[in-house]
Each structure stands twice: as structure tokens, then as C-alpha cells.
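Reviewing the structure listed below.
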Amino acid sequence: MTSLAFWVNRITDAILVLGIAVIAAVLVTQVFCRYVLHAALPWPEELAQILLVVISFLGMYRAFGKDQHIRIDWLPKHSRPVRLLRALSLLLVAGFLAYIGLGGWWLATGAWDQPTTALRLPTAIPYLIMPLACLLSIAAVAAAIRTALMASSRSAKAP
Amino acid sequence: MITALVVLLLVFLLAVETPVAFAVGLCALAGLLIGGFGNAAAAAQRMYAGMNSYGLLALPLFILAGNLLVAGGVIQRLVDFADLVVGRIRGGLAYVNLVSNLMMAGVSGSATADTAALGSVMVPMMRSRGYTTDFAAALTISGAIIAPIIPPSLIMVIYAIPTRLSIGAMFFAGILPGLLIFALLTLYVAYACRNQPVLEGGRRPGRSLFRSILDAVPILVAPVIIVGGVRGGVFTATEAAAVLCAYALFLTCVLYRAVDLTGLAKVFRDSALTTATVMIVVATSTLFAWFLAIESIPQAVTALFLSISDNRYVFLIIVNIFLLFVGCFLDTVPAILIFVPILQPVAVKFGIDPIHFSIIVIVNLMVGLNTPPIGTNLFVISSISGRSMAAITRALLPLYTVKIVALLLITYVPFISLWLPRAAGLIR
Numbered sequence: 000m001t002s003l004a005f006w007v008n009r010i011t012d013a014i015l016v017l018g019i020a021v022i023a024a025v026l027v028t029q030v031f032c033r034y035v036l037h038a039a040l041p042w043p044e045e046l047a048q049i050l051l052v053v054i055s056f057l058g059m060y061r062a063f064g065k066d067q068h069i070r071i072d073w074l075p076k077h078s079r080p081v082r083l084l085r086a087l088s089l090l091l092v093a094g095f096l097a098y099i100g101l102g103g104w105w106l107a108t109g110a111w112d113q114p115t116t117a118l119r120l121p122t123a124i125p126y127l128i129m130p131l132a133c134l135l136s137i138a139a140v141a142a143a144i145r146t147a148l149m150a151s152s153r154s155a156k157a158p
Numbered sequence: 000m001i002t003a004l005v006v007l008l009l010v011f012l013l014a015v016e017t018p019v020a021f022a023v024g025l026c027a028l029a030g031l032l033i034g035g036f037g038n039a040a041a042a043a044q045r046m047y048a049g050m051n052s053y054g055l056l057a058l059p060l061f062i063l064a065g066n067l068l069v070a071g072g073v074i075q076r077l078v079d080f081a082d083l084v085v086g087r088i089r090g091g092l093a094y095v096n097l098v099s100n101l102m103m104a105g106v107s108g109s110a111t112a113d114t115a116a117l118g119s120v121m122v123p124m125m126r127s128r129g130y131t132t133d134f135a136a137a138l139t140i141s142g143a144i145i146a147p148i149i150p151p152s153l154i155m156v157i158y159a160i161p162t163r164l165s166i167g168a169m170f171f172a173g174i175l176p177g178l179l180i181f182a183l184l185t186l187y188v189a190y191a192c193r194n195q196p197v198l199e200g201g202r203r204p205g206r207s208l209f210r211s212i213l214d215a216v217p218i219l220v221a222p223v224i225i226v227g228g229v230r231g232g233v234f235t236a237t238e239a240a241a242v243l244c245a246y247a248l249f250l251t252c253v254l255y256r257a258v259d260l261t262g263l264a265k266v267f268r269d270s271a272l273t274t275a276t277v278m279i280v281v282a283t284s285t286l287f288a289w290f291l292a293i294e295s296i297p298q299a300v301t302a303l304f305l306s307i308s309d310n311r312y313v314f315l316i317i318v319n320i321f322l323l324f325v326g327c328f329l330d331t332v333p334a335i336l337i338f339v340p341i342l343q344p345v346a347v348k349f350g351i352d353p354i355h356f357s358i359i360v361i362v363n364l365m366v367g368l369n370t371p372p373i374g375t376n377l378f379v380i381s382s383i384s385g386r387s388m389a390a391i392t393r394a395l396l397p398l399y400t401v402k403i404v405a406l407l408l409i410t411y412v413p414f415i416s417l418w419l420p421r422a423a424g425l426i427r
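Right, here's the structure in full:
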């Protein structure tokens with residue numbers, strides 16, 4: 000399981016690096032084509048926008064594992080009620096992710112025949128990133144809930 | 000009724016450290032479901048649409064460019080250069096702090112990123128030359144608020160989403176207000192450091208004058224690319240960001256040779272992660288704004304304001320106070336995406352130029368970035384300097400006064416924001 004998580008994270012990181020690199024590269028290419036060659040390409044903006052959504056959702060998953068999501072950080076770390084409250088709020092977050100993931104899946108299944116404007120890809124493909132990233136994120140949130148609860152039971156046992 | 004419940008839920012979720020994006024998303028969803036609006040697919044569609052925008056592409060690009068430059072060692076070069084220029088006068092390092100912040104603002108669009116990057120250099124440096132850590136920390140975060148006001152600005156890229164304002168026009172509108180804040184801060188430094196002994200600052204041993212200038216010049220060219228490119232619509236903001244990225248890559252990898260391939264991959268990954276954490280807030284805030292629109296909150300707020308007064312100055316003072324309050328509790332991105340769709344139409348009804356209003360809102364929220372209990376920059380500088388938030392806040396008290404004076408000038412003198420974009424022909 001740990002090695003599965005390790006490889007999922009490595010692959011996700013590779014997609015993040017490639018994703019942002021390609022966004023920058025195609026947009027620089029587009030500037031070159033537009034202002035130097037005076038002939039803009041039809042696809043760079045669309046590709047970059049799709050990649051932006053992809054890195055945003057996959058980054059959402061990675062940010063859970065690294066505790067990098069923007070949040071207020073002000074409560075005492077080791078108090079038991081605080082940890083229980085955190086676990087509760089993370090449970091709600093998991094519910095939100097499940098709802099959006101499901102919605103994304105429904106969107107994707109209904110969009111196989113809708114091609115995107117420039118790349119002529121089925122719109123379903125970019126939509127599929129939502130259920131995928133939400134599923135991964137739920138696993139990461141579950142791990143965070145476990146950590147919060149386990150630490151809280153440990154701190155309760157400790158004198 | 001539903002709105003009141005949702006707001007209460009939001010306060011609770013934020014208080015128990017729920018990530019801002021999901022606190023906002025959960026509340027929007029709760030409101031929509033209780034009201035019987037929308038379904039899972041519609042909610043997912045709204046979130047996707049909120050992210051899928053050409054203008055937002057500037058976000059990862061500006062973040063990447065900023066991170067590339069920091070990895071390339073730009074901060075030390077800028078600080079050395081500033082030390083050379085203003086380091087020898089009384090209170091030298093305090094000015095160096097502000098000048099470095101100003102120069103960094105020209106290539107970076109994020110106050111928090113600047114606080115982290117500059118704070119880790121400036122705070123120990125000022126401490127070693129006899130300034131108190133609290134003063135150094137307070138000054139660093141006060142200078143850092145210039146970053147999103149002077150172009151490039153991540154906040155302006157976000158602001159353009161609900162308002163459809165020209166990012167280029169906002170970029171130009173922010174220049175003079177940013178310089179005004181800088182000028183007022185330097186006046187404060189002159190006063191605060193009047194008894195500071197003059198120390199032999201200036202130049203790091205072993206670095207020639209020529210070398211320091213030569214090091215800084217390529218960095219100082221970067222803002223020219225952005226401002227020059229965006230002027231008159233030669234580039235869109237996104238294109239300017241792409242060019243800035245290419246330039247930053249050239250500086251870091253070719254000119255300074257500061258980063259190898261592994262380091263580069265790390266910079267790219269970190270930039271993607273930062274982008275993602277902001278983008279998720281953008282997506283769920285879009286959901287929240289949808290809920291507010293369904294509940295007709297903007298219309299209710301307009302009616303409320305008009306019932307209080309039909310004087311625009313009264314409206315502006317209420318907005319100032321309200322946003323200072325909001326800024327104390329809420330992160331800048333959701334604050335903009337939630338409140339601007341409500342406040343902007345009212346501002347326009349009162350005859351306030353939307354570009355001017357955007358600068359008022361941004362400066363207002365930037366002051367909030369440095370205020371307890373919840374000020375992102377305050378958290379960052381507290382962890383860098385090792386001082387408590389309370390101690391830094393005490394040192395910040397006079398600086399709040401300076402920032403409030405700047406805010407009032409920017410709010411009530413539209414000329415400061417509007418002259419430059421008008422002169423550049425970006426707005427009427």
C-alpha cells in the first residue's frame with residue numbers, strides 16, 4: 000500500500016512538473032508565433048487551459064498529503080478536542096470531494112460526444128480529472144483523519 | 000435565513016482549521032442543497048468553469064517566474080544592490096528592506112512569497128546590524144504588501160475573473176498607489192530610525208561596485224518587459240507572464256547558472272502545487288459566488304447601501320471598514336471572489352470607476368494580510384523570525400497607521416490610481 004502511494008505520488012509529481020512546463024512552453028511558443036511569425040496557432044490556449052485544470056486538481060491531491068492547503072493555523076496542536084474537531088471537518092471535506100467527484104463523473108459520462116473547440120478532444124477527458132483527483136484526495140484525507148484520531152487517542156492515553 | 004446559516008458554518012469551519020477552499024465549497028454546497036438548487040454535476044461544472052479561463056493562465060506563469068528568480072538567487076542580488084544604493088545612510092538596512100521589497104514587487108505578484116523569500120534574508124541581516132527582530136519582521140511584511148499592488152499581481156489576475164476588468168489597466172492603476180505606499184513607509188523609516196547609529200553598510204566584502212550593479216540590472220529589466228508589454232495591449236497579461244517566465248528561466252539557468260535539472264524540477268513542482276492551492280480556492284469561491292447570486296445577495300446589499308446613504312464617500316468609508324474587518328479573518332482570494340461581485344456593482348452605481356475600486360479593494364485586503372488574528376503574512380514572518388505574532392503586531396502598530404493613511408489617500412484621491420492607465424490609453 001505504501002509503495003502504491005509512493006508511485007502514485009511520483010507519477011502525480013511528474014505530471015505536475017510536465018504540466019506547468021508545457022503550459023509555459025506552449026504559451027511562449029504562441030507569443031513567438033503571434034508577434035514574430037504573425038500567425039497564431041489555434042491550440043496553445045486550449046491545451047494550456049486544460050493542463051491548468053489538470054495540475055490544479057492533481058495538485059489539490061498532493062497538497063492534502065503535504066498539508067499545504069491554505070488554512071488558518073491557530074489552535075493548539077495536541078489538544079484532544081481540537082484533533083477531534085479537525086477530524087470532523089476533514090470528514091466533511093471528504094464528503095464534499097465525494098460529491099464533486101461524483102458530479103465530475105456524471106459530467107464526463109455525458110460529454111464523450113462533445114469535442115473541444117481547437118484540439119477536438121472529447122470534453123469528457125478533461126472532466127475525468129475531477130473524479131480521479133477527488134478519489135485520490137479522499138484517500139489522502141482519510142489518511143489525515145487517521146493521523147488526527149490516532150494522535151488524539153495517544154495524547155488521551157498519555158499522562 | 001439560509002445565508003445566515005451558511006455564514007455561521009463558514010466561520011465555524013474556518014475556525015477549526017478546515018482548508019479555506021473546502022470550507023468555502025462546503026458552505027456553498029450546503030446553501031445550494033438546502034435551497035434546493037443545483038446537483039452534483041452542476042456543482043462540478045461550475046468549479047470546472049471557474050478554473051477554465053485564459054486569464055487565469057497568468058497565475059501559474061507569474062508564480063513560476065517568481066519561484067525561478069528566487070531559486071536563481073535574485074533576492075541576494077537585489078539586497079546587495081539596494082545595500083549599495085541606500086545602505087550607508089542612517090537607518091540604511093531598513094531602507095534596503097523597503098527598496099528590495101519594491102524591486103521584488105516588480106517581478107513577483109505575491110506578498111506572501113515575497114515575505115518568505117525576503118524575510119529569510121532581511122530579518123537575520125537587520126538583526127546582525129543592531130535592529131530589533133520585531134521591527135525587521137514588521138517592516139518586511141509591510142513592504143511586501145506592495146508586491147500585489149505593483150505589477151505583476153496575482154491578486155489582480157484573480158480580481159479580473161468576476162469583474163472582467165482589463166488586467167493590463169489594473170496593472171497600470173496599481174503602479175502609483177504602490178509607489179505611494181513605498182514613499183510613506185520610507186518616511187516612517189526616516190522617523191523610526193532617526194536615532195539608529197550609522198553603520199558601515201554598503202558593500203559586501205569581495206564584491207566590486209560594478210559587479211553588484213551588473214548583477215542587478217538584468218532583474219530590473221523584468222518589470223519593463225511586463226509593463227512595456229502590456230501597455231497599449233501589445234501583450235495580454237498572460238502573454239507577458241509567459242515571456243517573463245522564459246526570461247526568468249534564462250536568468251536562472253543560463254546567466255546565473257544557479258539551478259541544476261533536479262532543482263529545476265523542484266521549482267516547477269512547487270510552483271504547480273502553489274498554483275493548485277490557489278486554483279482550488281478560486282473554484283470553490285466560484286461555487287460560493289453562484290450561491291450568493293441565487294440568493295440575490297448582491298441586490299440586497301445594493302439596496303442596503305442605498306438605504307444608508309446616497310453619498311459615495313460614505314459608501315467608500317463603509318467599504319474600507321468592512322474590508323479591513325474581512326481582511327482580518329479571510330484569505331485574499333476568497334475575499335475577492337466572494338465580496339467583489341457584491342460590492343463592485345454598488346460601487347459603479349455610486350459613480351466610482353471600477354478600476355479605481357479594484358485598487359481600493361486590493362490595498363484594503365493587503366492591509367488585512369498583516370493583521371491578527373488571521374494574517375497570512377504575519378504567520379509566515381512569525382515562523383521565519385521566531386518571534387510571536389503578538390510581539391510583531393506591537394512593532395506593526397505605527398506601520399498600520401502609515402498603511403491606513405495610504406489607504407485613505409488611495410480611496411479618496413482617484414487620480415492616484417487612474418492617472419497612469421488613462422495616460423497609457425488603457426481606460427477612458
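As you go down the protein sequences, you meet chains E and Y in turn.
Residues in the first sequence are numbered from 0 upward in steps of one, following numbering that gives the first Met the number 0.
Residues in the second sequence are numbered from 0 upward in steps of one, following numbering that gives the first Met the number 0.
Glycine included, each C-beta is placed from N, C-alpha and C at the ideal position.
Cross-chain neighbours of residue i in chain E, by beta carbon under 8 Å
i, result
"Asp330(Y)", "Ile69"
"Ile335(Y)", "Ordered by position in chain E, no residue passes the 8 Å Cβ test against Ile335(Y), which lies about 14 Å from the chain."
"Leu272(Y)", "Leu15, Gly58, Arg61, Ala62, Lys65 and Gln67"
"Val15(Y)", "Leu74, Val81, Leu84, Arg85, Leu87 and Ser88"
Cut-off 6 Å between Cβ atoms - residues of its own chain near residue i, not counting five sequence neighbours on either side
i, result
"Ser270(Y)", "Ile62, Leu63 and Asn66"
"Ala93(E)", "Ile137 and Val140"
"Ala346(Y)", "Phe356"
Reference residue i, options the options, closest by Cα
i, options, result
"Gly424(Y)", "Ala48(Y), Phe171(Y) and Val280(Y)", "Phe171(Y)"
"Tyr190(Y)", "Ile415(Y), Pro397(Y), Phe36(Y) and Ile426(Y)", "Pro397(Y)"
"Val25(E)", "Tyr312(Y), Val242(Y) and Phe290(Y)", "Val242(Y)"
"Arg210(Y)", "Phe80(Y), Gly30(Y) and Thr375(Y)", "Phe80(Y)"
"Arg89(Y)", "Tyr399(Y), Val412(Y) and Val197(Y)", "Val197(Y)"
"Arg87(Y)", "Gln195(Y), Gly167(Y) and Gly105(Y)", "Gln195(Y)"
"Arg119(E)", "Val27(E), Ala4(E) and Pro41(E)", "Pro41(E)"
"Leu57(E)", "Gln48(E), His37(E), Ile128(E) and Leu3(E)", "Ile128(E)"
"Asn444(Y)", "Ala110(Y), Ala135(Y), Ser109(Y) and Ala115(Y)", "Here chain Y comprises residues numbered 0 to 427, so residue 444(Y) is not present and cannot be evaluated."
"Ala70(Y)", "Ser284(Y), Met0(Y) and Leu260(Y)", "Leu260(Y)"
"Asn369(Y)", "Arg421(Y), Leu138(Y) and Leu4(Y)", "Leu138(Y)"
"Ala429(Y)", "Ile373(Y), Val332(Y), Thr375(Y) and Cys26(Y)", "Past the edges of chain Y, shown from 0 to 427, lies residue 429(Y), and the structure says nothing about it."
"Trp104(E)", "Pro147(Y), Leu68(Y), Ala110(Y) and Gln44(Y)", "Gln44(Y)"
Below-9 Å beta-carbon distance, residue i vs any chain Y residue
i, result
"Arg145(E)", "no"
"Pro125(E)", "yes"
"Gln29(E)", "yes"
"Ser154(E)", "Reliability fails at Ser154(E), whose pLDDT of 48 lies under 50, so the model's placement of it is uncertain and no value is given."
"Phe5(E)", "no"
"Ile19(E)", "yes"
"Ala141(E)", "no"
Residue i Cβ short of 8 Å to the ligand ATP heavy atom set
i, result
"Leu36(E)", "In terms of ligand content, the structure shown is empty, and the ligand ATP therefore cannot be addressed."
Short CB-CB distance (under 9 Å) between residue i and chain E
i, result
"Ala42(Y)", "yes"
"Leu63(Y)", "yes"
"Thr237(Y)", "yes"
"Ile373(Y)", "yes"
"Ala20(Y)", "yes"
"Met155(Y)", "no"
"Arg163(Y)", "no"
"Tyr158(Y)", "no"
CB of residue i within 9 Å of CB of residue j, strictly
i, j, result
"Ile144(Y)", "Ile335(Y)", "no"
"Ser88(E)", "Glu294(Y)", "no"
"Leu184(Y)", "Ser152(Y)", "no"
"Ala40(Y)", "Leu96(E)", "no"
"Ile415(Y)", "Ile354(Y)", "no"
"Ile69(E)", "Pro18(Y)", "yes"
"Ser99(Y)", "Val122(Y)", "no"
Residues that residue i contacts on chain E, provided the C-beta gap is smaller than 7 Å
i, result
"Ala241(Y)", "Ala23, Leu26, Val27 and Val30"
Residues of its chain near residue i, where Cβ-Cβ distance is below 7 Å and the 5 sequence neighbours each way are ignored
i, result
"Ser381(Y)", "Ser387, Met388 and Ile391"
"His160(E)", "With chain E covering 0 to 158 only, the question about residue 160(E) has no answer from this structure."
"Ala282(Y)", "Met46, Gly49 and Met50"
"Arg33(E)", "Ala39"
"Val339(Y)", "Tyr158, Pro161, Thr162 and Val360"
"Val229(Y)", "Gly167, Phe170, Ala236 and Ala239"
Within chain Y, partners of residue i - CB distance below 9 Å
i, result
"Trp111(E)", "Those within 9 Å of Trp111(E) in chain Y number zero; the least Cβ separation is about 14 Å."
Listed by chain order, chain Y residues near residue i by CB distance under 8 Å
i, result
"Ile137(E)", "Near Ile137(E) there are no residues of chain Y at all, since even the closest Cβ is about 12 Å away, more than 8 Å."
"Trp105(E)", "Ala39, Ala40 and Ala43"
"Leu40(E)", "Ordered by position in chain Y, no residue passes the 8 Å Cβ test against Leu40(E), which lies about 13 Å from the chain."
Interface residues of chain Y facing residue i [CB-CB closer than 7 Å]
i, result
"Ser55(E)", "Met50, Thr274, Ala275, Met278 and Ile279"
Contacting residues, own chain, Cβ-Cβ under 8 Å from residue i (five flanking each side not counted)
i, result
"Ala115(Y)", "Val379 and Ile383"
Query raised in the report: Of the residues that make up the region 396 to 413 of chain Y, which ones have a beta carbon closer than 8 Å to any beta carbon in chain B?
Result: Protein chains in the displayed structure are E and Y, and chain B is not among them.
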